[in-house]
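A.B. asks: Chains as they are written, first to last, in my numbering: chain A, 145 to 255; chain B, 65 to 176.
So, in structure tokens, the structure goes:
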């Protein structure tokens, strides 16, 4: 059964460093998303991506964040200069219709 | 706006007990409703869904009915097992390509 994959499973970085989180969505899906979940809190929407551009983004998704689909398979989230409060689990998701399929997440720890 | 309010946890039950996790929503238009489950160390997995009023989603013994009149989508299971221990998230989606709105999640622990 096709699934969304994410790498790495855990990323540790120093405050101020750039990180890139990688996702491989399900191959025939058209919509791609990033969400984050700070420990003990709600899963929060960051951004959705369709037809090679951002279709929707939340207030969390400020200038420090960017997304890219550099080739036909990968979908990346870049955080330019990480802050302590960026520590969270980041989930990628993809969809063709209403149901979104989620990856296993990348746990980002900013020290 | 769109939002989901979910019963606070954690919930601890004995094996074979009846489970209810309450979920209510606020939405513009006609949303689809979902329950996702997150097992320890894993990502979010779709448990069940309902796309219109009065639909009942069911999977693995879990059920939830889309109630437009009460704007609810409560999750139920008649007899829980230890393997059901996980965090359960209620969510809504208003249209294809739009974001999901999640509840805060309810942690369930089932003890033998």
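For glycine and all other residues, C-beta sits at the position ideal for the given N, C-alpha and C.
Counting C-beta neighbours from all protein chains within 10 Å, is the total for residue 176(A) 16 or more, i.e. buried, or is it exposed?
C.D. replies: Buried.
A.B. asks: Pull out every residue of the segment 75–94 of chain B whose Cβ sits closer than 8 Å to any Cβ of chain A, in chain order.
C.D. replies: Answer set for the segment 75–94 of chain B: empty.
A.B. asks: Our contact map puts residue 129(B) next to residue 90(B) with C-beta atoms below 8 Å; I'd like the distance itself, whole angstroms only.
C.D. replies: Actually they do not touch by this definition, with Cβ atoms about 18 Å apart.
A.B. asks: Any chance the segment 110–130 of chain B sits against the segment 91–99 of chain B, with 3 or more Cβ pairs inside 8 Å?
C.D. replies: Taking 8 Å as the limit for Cβ pairs, the verdict is that the segment 91–99 of chain B does touch the segment 110–130 of chain B.
A.B. asks: Is there a Cβ of chain B sitting closer than 7 Å to that of residue 227(A), yes or no?
C.D. replies: Closer than 7 Å: no.
A.B. asks: Are the segment 149–160 of chain A and the segment 218–235 of chain A touching, with three or more C-beta to C-beta distances below 8 Å?
C.D. replies: The answer is yes - the segment 218–235 of chain A touches the segment 149–160 of chain A, with three or more Cβ pairs under 8 Å.
A.B. asks: Can you tell me whether residue 142(B) is buried or exposed? The criterion is at least 16 other CB atoms within 10 Å of its CB, across all chains shown.
C.D. replies: The residue in question, residue 142(B), is exposed, as its Cβ has fewer than 16 Cβ neighbours within 10 Å.
A.B. asks: According to DSSP, is residue 78(B) part of a helix, a strand, or is it coil?
C.D. replies: Correct three-state label for residue 78(B): strand.
A.B. asks: Quick check on residue 108(B) - is its C-beta less than 7 Å from some C-beta in chain A?
C.D. replies: Judged by the 7 Å Cβ criterion, residue 108(B) is in contact with chain A.
A.B. asks: What are the boundary residues of the beta strand (DSSP E) that includes residue 200(A)?
C.D. replies: Taken as a continuous stretch (DSSP letters only), the beta strand (DSSP E) holding residue 200(A) covers 197–201.
A.B. asks: Does any CB atom of chain B fall closer than 7 Å to the CB of residue 257(A)?
C.D. replies: Beyond the ends of chain A as shown, which are 145 and 255, falls residue 257(A); an answer cannot be given.
A.B. asks: Beta carbon of residue 210(A), beta carbon of residue 189(A): below 7 Å?
C.D. replies: No, Cβ-Cβ distance for residue 210(A) and residue 189(A) is not below 7 Å.
A.B. asks: Where residue 248(A) and residue 153(A) are concerned, what is the direct C-alpha to C-alpha distance, given to the nearest angstrom?
C.D. replies: About 8 Å.
A.B. asks: Under a Cβ-count criterion, where at least 16 other Cβ atoms within 10 Å of its own Cβ denotes burial, should residue 169(A) be classed as buried or exposed?
C.D. replies: It counts as buried.
A.B. asks: Do the CB positions of residue 231(A) and residue 173(A) come within less than 7 Å of each other?
C.D. replies: No, Cβ-Cβ distance for residue 231(A) and residue 173(A) is not below 7 Å.
A.B. asks: Just to confirm before moving on: does the CB-CB distance between residue 185(A) and residue 250(A) stay below 7 Å?
C.D. replies: Contact: no.
A.B. asks: State the start and end residues of the unbroken beta strand (DSSP E) segment that holds residue 233(A).
C.D. replies: Note, residue 233(A): beta strand (DSSP E), 232–239.
A.B. asks: Note down, in chain order, each residue of its chain lying with its Cβ closer than 6 Å to the Cβ of residue 193(A), except the 5 sequence neighbours on either side.
C.D. replies: If we look at residue 193(A) and ignore the five residues flanking it on each side, its Cβ neighbours are 176 and 211.
A.B. asks: Mind checking residue 92(B): buried by the 16 CB within 10 Å criterion, or exposed?
C.D. replies: By the neighbour-count rule (16 or more Cβ atoms within 10 Å), residue 92(B) is not buried but exposed.
A.B. asks: What does the alpha-carbon distance come out to for the pair residue 103(B) and residue 173(B)?
C.D. replies: Their backbone Cα atoms lie some 11 Å apart in a straight line.
A.B. asks: Is there a Cβ of chain B sitting closer than 7 Å to that of residue 244(A), yes or no?
C.D. replies: Chain B contact via Cβ: present.
A.B. asks: What do you reckon, are the CB atoms on residue 158(B) and residue 70(B) nearer than 7 Å?
C.D. replies: No.
A.B. asks: List the whole-angstrom C-beta distance separating residue 246(A) from residue 108(B), where the pair is believed to meet the contact cut-off of C-beta under 8 Å.
C.D. replies: Rounded, the Cβ-Cβ distance is 4 Å, consistent with contact.
A.B. asks: In chain B, what lies closer than 7 Å to residue 160(A) by C-beta?
C.D. replies: Simply none; closest approach about 28 Å.
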